[in-house]
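Note sheet for the following structure.
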Amino acid sequence: MPKIGNIELPDFPLLLAPMEDVSDPPFRKLCKEQGADVVYTEFISSEGLIRDAAKSVIKLDIYEKERPVGIQIFGAELDSMLQAVDIVEKSNPDIIDINFGCPVKKVVCKNAGAGILRDIPLMVKLTEEIVKRTKLPVTVKTRLGWDNNSIKIVEVAERLQDVGIEAISIHGRTRVQMYKGEADWKPIAEVKNNQRMRIPVFGNGDVDTPEAAVKMRDEYGLDGAMIGRASIGYPWFFKEVKHYFKTGEHLAPPTMQERVEAARRHLQMAIDWKGEKLGVFETRRHYTNYFKGIPHFKEYRMKMVTSDDAADVFAAFDEVEEKFGDYQFA
126 MPKIGNIELP
136 DFPLLLAPME
146 DVSDPPFRKL
156 CKEQGADVVY
166 TEFISSEGLI
176 RDAAKSVIKL
186 DIYEKERPVG
196 IQIFGAELDS
206 MLQAVDIVEK
216 SNPDIIDINF
226 GCPVKKVVCK
236 NAGAGILRDI
246 PLMVKLTEEI
256 VKRTKLPVTV
266 KTRLGWDNNS
276 IKIVEVAERL
286 QDVGIEAISI
296 HGRTRVQMYK
306 GEADWKPIAE
316 VKNNQRMRIP
326 VFGNGDVDTP
336 EAAVKMRDEY
346 GLDGAMIGRA
356 SIGYPWFFKE
366 VKHYFKTGEH
376 LAPPTMQERV
386 EAARRHLQMA
396 IDWKGEKLGV
406 FETRRHYTNY
416 FKGIPHFKEY
426 RMKMVTSDDA
436 ADVFAAFDEV
446 EEKFGDYQFA
């Protein structure tokens, strides 16, 4: 059974990936209820934390029912990252995760996220100092490399392990690829098969069906899967994968009533946590997947994703339940 520090996990755990404006407490709660074994916060700017920026500080909110939960930070300045670790510790997470994988330009241009893949010595040095700074287990999420000509993930993972990380999650794409093409899990398997590796190696990227999760486990021999985009608007994915592991059969998809109820709860929790304006706005990205596959649904989806008034969105949920309540999902 894999462990992150002293945290014992089930065989082949499923981890909710840290996703900006997605992996907030309401969504983490839903995923946890559906079987996610470890959840991570949205990534948090170290610079934002030490400036006490509201958008960064609110992301430190974690709740007992989420555990084990990791708080993920990013940055490229050592002093800022160490100060951020001190702030994060006060929230009492179970894990501190370092983001060395975010490919977006506004992060990369500061040499943070996947940008640091162009400077492996700095990546290792930052990690080493963060491990020394905290008593919490430190994990890393990263990518295969900056581009196809600079993939050294076996060496990088080994060096990060040697300075004290307790687990590594690897997205099977380079930074240059962004999210295009197919994730390549072979280099992740090479990390796992390195005889010097003793920490869990989790795979990330394109785990979008139960069969893909089985393949990652059985053919590539990884220790677990980190689930990202497949879970957006579909927290049931974790439950479906675990059911498939156990039975080899697909779980029946959630009913319309279950989807509407989840959407209602999601929106209400988001409003309770971050206020109506942000709650309504940041929950929109989930609705396409909550109600994916329903014919002639555009009118209702537009109501959900264009209204700034929570009452209008809740009313749209009611309309959907009344009109499509008998719809059978394949």
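My numbering applies: residue 126 is where the sequence shown begins, and numbers increase by one. Even glycine gets a Cβ: it sits at the ideal position worked out from N, Cα and C.
N- and C-terminal bounds of the alpha helix (DSSP H) containing residue i
{"i": "residue 199", "result": "It is not in any alpha helix (DSSP H) - residue 199 instead sits in the beta strand (DSSP E) that spans 194 to 199."}
{"i": "residue 429", "result": "423 to 431"}
{"i": "residue 457", "result": "This structure cannot speak to residue 457, because the chain is shown only from 126 to 455."}
{"i": "residue 174", "result": "171 to 175"}
{"i": "residue 341", "result": "335 to 343"}
{"i": "residue 179", "result": "179 to 182"}
Residue i burial status per 10 Å Cβ neighbour count (16 or more: buried)
{"i": "residue 172", "result": "buried"}
{"i": "residue 188", "result": "exposed"}
{"i": "residue 367", "result": "buried"}
{"i": "residue 286", "result": "buried"}
{"i": "residue 365", "result": "buried"}
{"i": "residue 450", "result": "exposed"}
{"i": "residue 162", "result": "buried"}
{"i": "residue 304", "result": "exposed"}
{"i": "residue 252", "result": "buried"}
{"i": "residue 134", "result": "buried"}
{"i": "residue 229", "result": "exposed"}
{"i": "residue 280", "result": "exposed"}
Where residue i falls: helix, strand or coil (DSSP)
{"i": "residue 452", "result": "coil"}
{"i": "residue 328", "result": "strand"}
{"i": "residue 155", "result": "helix"}
{"i": "residue 266", "result": "strand"}
{"i": "residue 282", "result": "helix"}
{"i": "residue 260", "result": "coil"}
{"i": "residue 255", "result": "helix"}
{"i": "residue 447", "result": "helix"}
{"i": "residue 145", "result": "coil"}
{"i": "residue 133", "result": "strand"}
{"i": "residue 250", "result": "helix"}
{"i": "residue 364", "result": "helix"}
Endpoints, the beta strand (DSSP E) within which residue i is located
{"i": "residue 164", "result": "163 to 165"}
{"i": "residue 419", "result": "Segment: none, residue 419 is in no beta strand (DSSP E) and carries neither H nor E."}
{"i": "residue 350", "result": "349 to 352"}
{"i": "residue 294", "result": "292 to 296"}
Assumed close pair residue i, residue j - CB separation to whole angstroms, cut-off 8 Å
{"i": "residue 319", "j": "residue 283", "result": "6 Å"}
{"i": "residue 262", "j": "residue 130", "result": "3 Å"}
{"i": "residue 379", "j": "residue 398", "result": "23 Å between Cβ atoms; not a contact."}
{"i": "residue 351", "j": "residue 140", "result": "4 Å"}
{"i": "residue 328", "j": "residue 295", "result": "7 Å"}
{"i": "residue 132", "j": "residue 219", "result": "6 Å"}
{"i": "residue 330", "j": "residue 298", "result": "6 Å"}
In chain order, which alpha helix (DSSP H) runs of at least 4 residues are fully inside the segment 184 to 246? 203 to 214 and 230 to 233
Whole alpha helix (DSSP H) runs in the segment 368 to 413 with 4 or more residues, listed along the chain? 381 to 399 and 401 to 408
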